[in-house]
Amino acid sequence: MRCPVCAADDDHVVDSRPADDGTAIRRRRECGTCGRRFTTFERIEQPPLVVVKRSGTTTTFSRENVLEGMSRAAKNRVPLEDLRAAAVAVEARLRREGGNEVTSEQVGLAVLGELRDLDPVAYVRFASVYKNFQGPEDFESELSELRKDAPPKP
Numbered sequence: 006m007r008c009p010v011c012a013a014d015d016d017h018v019v020d021s022r023p024a025d026d027g028t029a030i031r032r033r034r035e036c037g038t039c040g041r042r043f044t045t046f047e048r049i050e051q052p053p054l055v056v057v058k059r060s061g062t063t064t065t066f067s068r069e070n071v072l073e074g075m076s077r078a079a080k081n082r083v084p085l086e087d088l089r090a091a092a093v094a095v096e097a098r099l100r101r102e103g104g105n106e107v108t109s110e111q112v113g114l115a116v117l118g119e120l121r122d123l124d125p126v127a128y129v130r131f132a133s134v135y136k137n138f139q140g141p142e143d144f145e146s147e148l149s150e151l152r153k154d155a156p157p158k159p
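Quick note, our numbering runs 5 ahead of the 1-based positions in the sequence shown.
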């Protein structure tokens, strides 16, 4: 690792600890030449997760997009840290179940599953957009399903 101050590659690790919910390692390093300390992060490099949309087009999965959608649905109801953890859980679930390619439907259902556990109002808000509710009867149907505590249906 090159020192960001003097560009020397003579350094040693002073401290290591888990970071980002155990998905990375934070290393505190000290340059052997200038003595300055700096931090690096080590993460597993995974192949990109590809999302196949209903139209047939593909896009790269974005945890930030998932977090943004969940944040809109849970506005003023769920702490941001809980939503971040849920977005990480969505990505982990998709990688486990779909490998490197998933459908947008799988993404939506994974988000619904996480929101269902976090907050029922956020769940219904997200479901109303995701499932394209057309009237009050759609809300009533979804609420009755939510009350039954059944897994979300596509």
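From the three backbone atoms N, C-alpha and C, an ideal C-beta is built for every residue, glycine too.
Note that the structure is predicted; figures quoted are calculated from it, not measured.
Cβ-Cβ separation, residue j to residue i (assumed contact under 8 Å), whole Å
{"i": "Ala132", "j": "Leu114", "result": "With 8 Å as the limit, Ala132 and Leu114 do not qualify as a contact, their Cβ atoms being about 10 Å apart."}
{"i": "Arg82", "j": "Asp124", "result": "5 Å"}
{"i": "Val134", "j": "Phe144", "result": "Not really, about 12 Å apart at Cβ, beyond 8 Å."}
{"i": "Arg31", "j": "Phe46", "result": "6 Å"}
{"i": "Glu48", "j": "Thr65", "result": "In the sequence under discussion, the amino acid at residue 48 is Arg, which differs from the Glu named in the question. So it is not a contact: roughly 17 Å between Cβ atoms."}
CB contact flag (residue i, residue j, <8 Å)
{"i": "Glu73", "j": "Val95", "result": "no"}
{"i": "Ala127", "j": "Ala78", "result": "yes"}
{"i": "Val19", "j": "Arg33", "result": "yes"}
{"i": "Leu99", "j": "Leu54", "result": "yes"}
{"i": "Asp25", "j": "Ala90", "result": "no"}
{"i": "Pro52", "j": "Asn105", "result": "yes"}
Bounding residues of the alpha helix (DSSP H) (the contiguous stretch that carries residue i)
{"i": "Glu168", "result": "With the chain covering only 6 through 159, there is no way to say anything about residue 168."}
{"i": "Arg130", "result": "125-135"}
Unbroken beta strand (DSSP E) run spanning residue i, endpoints
{"i": "Pro141", "result": "Looking at the DSSP string, Pro141 is not in any beta strand (DSSP E); the run it does join, the alpha helix (DSSP H), is 141-153."}
{"i": "Val107", "result": "106-108"}
{"i": "Val19", "result": "16-24"}
{"i": "Cys36", "result": "29-36"}
### contact_flag[the stretch 9-19, the stretch 33-47] where n(CB pairs < 8 Å) is 3 or more
yes
### Message
I want to know whether the stretch 48-61 touches the stretch 99-109 - three or more CB-CB distances under 8 Å.
### Response
yes
### Message
Give the list of continuous beta strand (DSSP E) stretches no shorter than 3 residues that lie fully inside the stretch 47-87.
### Response
Listed in chain order, the complete beta strand (DSSP E) runs (minimum 3 residues) inside the stretch 47-87 are 55-57, 63-65.
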